[in-house]
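Heads up, the thing below is written out as structure tokens.
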Amino acid sequence: MQVEIIETHHRPFSLARVSAITLNTLTELTRQKVFYILLIFALLLIGSSIFMARLSFQHEFQILKDVSLGAMSIFTSLLAIIATARLIPQDTEDRTVYTILAKPVPRLEYILGRLAGVLLLLAISILLMTAMFMAVLYTREQTVLHETLRQMAAAPREQLDDALRGVRSSALNVDLLPGIAIIYLKACLLTALTLFVSTFATTNIFTIAVMVFIYFIGHLQATAREYWLQETNASLIARIFLAVVALIFPDLQAFNLIDDIVVGAAIPLGLFAKTALLGIFYTTIYTLLAAFVFQGKEL
Amino acid sequence: MTRVVLLLAMVLAFGVMKLPAERALFMQHRQLRFRGVEFNLDLRQQIGQLGFIAALSGFRSIVADIFFIQAHVAWERTEWGRVFFLFRQVTTLQPHAILFWDMAAWHMGWNASVAALNDRTQPRLALRIKAQREYFALAKDLLQRGIENNPEKPQLYESLARLYKDKYKDHARASEFFAKAAALPGAPRYVKRFSAYELSYCEDREREAYERLRQLYDMGEDERLPTLITRLKFLEDKLNIPQDRRIPDTER
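Protein chains in written order, with our numbering: chain S, 89 to 387; chain U, 17 to 268.
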């Protein structure tokens, strides 16, 4: 009797396996109530910004953009931290991680799959919010344009053109898109960093608490870094402390361009590219660090 | 233990690698006048602890909007001191928002100053005028600081020119700032005309005003507006311009 042995070749890295974990993570996350609560809250905030904006005549587009982009930033940052913080501790508690890793799934693939799942969820959320934001902004812009045309029907052509140009330039414009992309990159960075923290944390509460501190310190990192590099009279202890802050934490202020975009500043392509590269660089490094810690974790 | 040391070494090495990129980006932000806010104790005292934390966390513009809406409410209640206090916070948090500077100056120069002059609780006219002038000065200061923060935008130069024209009756300064606005990209066409109109009211500068108004007149029908023609005719008479060089009487 001849026995045919079928050799199945096991690849050290498989995109199909990563995709399976990614989709599984996405499904898990979309089944959570917290996701819907946050998303509905963010969409409501963006929708209601139109009423908030009406509280202040003349500034309505600026307030509308501030509130909407702020809601997007808060929601994506919160979702990135909350959704990621629970992944590994929950998998360990439910013993899902043992089932996955018992199969020939390298730990790096598990980490990448989990990360990609959250990033996909964030991308879907930001797309939904952007669509809502653009619809609100466009609707309001059209209304204001019609009102302006009606009110200034008798005005000279030059004045009317100036008024219409003013409305158009302060409402929907292409400069908003790089700002939204940078909000997403910041959320990606926070996701990777949360994943890294969660690889050595034992509970998700600990991870969330640490990430809240990192979030605040990250926004102050630039101040600490510049003081460390420029101030030569500081004491040794102060310099060491500042150096640690500057070296360990990411500069989150670098991703806060929306404050300037809403007041009409255009983001040069070079600056956008550098910020995007920095975001991708942070995300990659924190993911690799997470994979390194997870590789040595006793399960 | 070795793994922990290795991890720490990797984190620090990453820190050293990212430092030049972060600094380069920071410098570019400075160059483009982004991150225009210094987070210091003065700001902390101005905006309170919660506002400061929110501003630190990347929600500077939302905090500014909340203060702006509060300022709007204070204006409706004619609480002028509070309006100024809140607008100072708003403009500190969002120094590149032209409308905030403009609105703050408008409240001080046009609303608070009129309220101060008509203040029935103050029987002495001299003190009411003094209070009015203090509000003019606040408006001027706001616009000057706004210009310092946004030197490339024409709107605040125009607003400062209007303040000089309507409140200080200083036509020379008004003309100067209308001209500065006109020289910037994105300025409305009328500011160049306004600069010439204001100059036409300045004694000893009539010749210069005439040249500028005539230049505008020669640019074509679009510029030949009633005020321009009236001022040009007035200067032609005053400067005794020869008949053959005057604009046609049909324009009168």
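Just so it is clear, CB atoms sit at the ideal spot from N, CA and C, and this is done for glycine as well.
In the structure shown, Ala-40 (chain U) adopts helical secondary structure according to DSSP, grouped into three states.
Counting C-beta pairs with one atom in each stretch, the region 297-305 of chain S and the region 19-34 of chain U have fewer than three that are closer than 8 Å, which means they do not touch.
Closer than 7 Å at the C-beta level to chain U, one finds no residue of the region 200-234 of chain S. One thing to note: Gly-158 (chain S) has its Cβ no nearer than 9 Å to the Cβ of Phe-50 (chain U).
Secondary structure note for Arg-327 (chain S): its alpha helix (DSSP H) is the uninterrupted segment 324-336. Among the residues of chain U, none has a CB under 7 Å from the CB of Leu-357 (chain S); the nearest is roughly 12 Å distant.
The C-alpha of Leu-229 (chain U) is placed about 7 Å away from the C-alpha of Leu-244 (chain U). Taking C-beta atoms as the reference points, Ala-120 (chain U) and Arg-104 (chain U) count as a pair closer than 9 Å. Only Tyr-303, Phe-304, His-307, Leu-308, Gln-309, Ala-310, Thr-311, Arg-313, Glu-314 and Leu-317 from the region 302-318 of chain S bring a Cβ to less than 9 Å from some Cβ of chain U. Going by C-alpha positions, Phe-369 (chain S) is about 15 Å away from Leu-335 (chain S). Here Ile-355 (chain S) carries a coil assignment [DSSP, helix/strand/coil]. With contacts defined by Cβ atoms closer than 9 Å, Thr-371 (chain S) and Ala-310 (chain S) do not form a contacting pair. Among the residues of chain S, none has a CB under 9 Å from the CB of Val-21 (chain U); the nearest is roughly 12 Å distant. Secondary structure of Thr-94 (chain U) (DSSP, three-state): coil.
Residue contact check for Pro-177 (chain S) against chain U: no CB pair falls below 9 Å.
Secondary structure at Pro-139 (chain U): coil, using DSSP grouped into helix, strand and coil. For the set U:Arg-19, U:Leu-143, U:Pro-204 and U:Asn-134, the Cα lying nearest the Cα of Tyr-173 (chain U) is the one of U:Pro-204.
Taking CB atoms only, Tyr-272 (chain S) has no neighbour in chain U less than 9 Å away. Phe-152 (chain U) is positioned such that its CB atom lies closer than 9 Å to that of Ser-129 (chain U). Residues of the region 99-115 of chain U that bring their beta carbon within less than 8 Å of a beta carbon in chain S comprise Gln-110, His-112, Ala-113, Ile-114 and Leu-115, in sequence order. Counting the other Cβ atoms within 10 Å of the Cβ of Gly-162 (chain U) gives 16 or more, which makes it buried. The beta carbon of Arg-202 (chain S) lies closer than 6 Å to those of Thr-113 and Leu-175 in the same chain, with the five residues before and after it left out. Interface criterion met: the Cβ of Pro-338 (chain S) is under 9 Å from a Cβ in chain U. For Asn-166 (chain U), the three-state secondary structure derived from DSSP is coil. Burial check for Asp-118 (chain U): the Cβ neighbour count within 10 Å reaches 16 or more, so the residue is buried. Within the region 119-136 of chain S, not one residue has a Cβ closer than 8 Å to any Cβ of chain U. For Thr-110 (chain S), the enclosing alpha helix (DSSP H) has its first and last residue at 103-118. Nearest Cα to Pro-194 (chain S) within the set S:Lys-121, S:Ala-104 and S:Phe-360: S:Ala-104. Between the C-alpha atoms of Glu-235 (chain S) and Gln-150 (chain S) there is a straight-line separation of about 18 Å. Looking from the CA of Leu-209 (chain S), the closest CA among S:Thr-172, S:Thr-184, S:Ile-296 and S:Ile-188 belongs to S:Thr-172.
The contact set of Gln-239 (chain S) on chain U, defined by CB atoms closer than 7 Å, is empty, because the minimum CB distance reaches about 18 Å. Cβ contact annotation for Asp-234 (chain U) (same chain, cutoff 6 Å, sequence separation greater than five): none. Around Ala-177 (chain U), the same chain offers Ala-190, Phe-193 and Phe-194 as residues with beta carbons nearer than 6 Å, after the five sequence neighbours per side are excluded. Residues are counted here when their Cβ sits less than 8 Å from a Cβ of chain S; for the region 68-87 of chain U these are Ile-69, Leu-72, Ser-73, Gly-74, Phe-75, Arg-76, Ser-77, Ile-78, Ala-80, Asp-81, Phe-84 and Ile-85, given in chain order. Around the beta carbon of Pro-170 (chain U), 16 or more other beta carbons sit within 10 angstroms, so the residue counts as buried.
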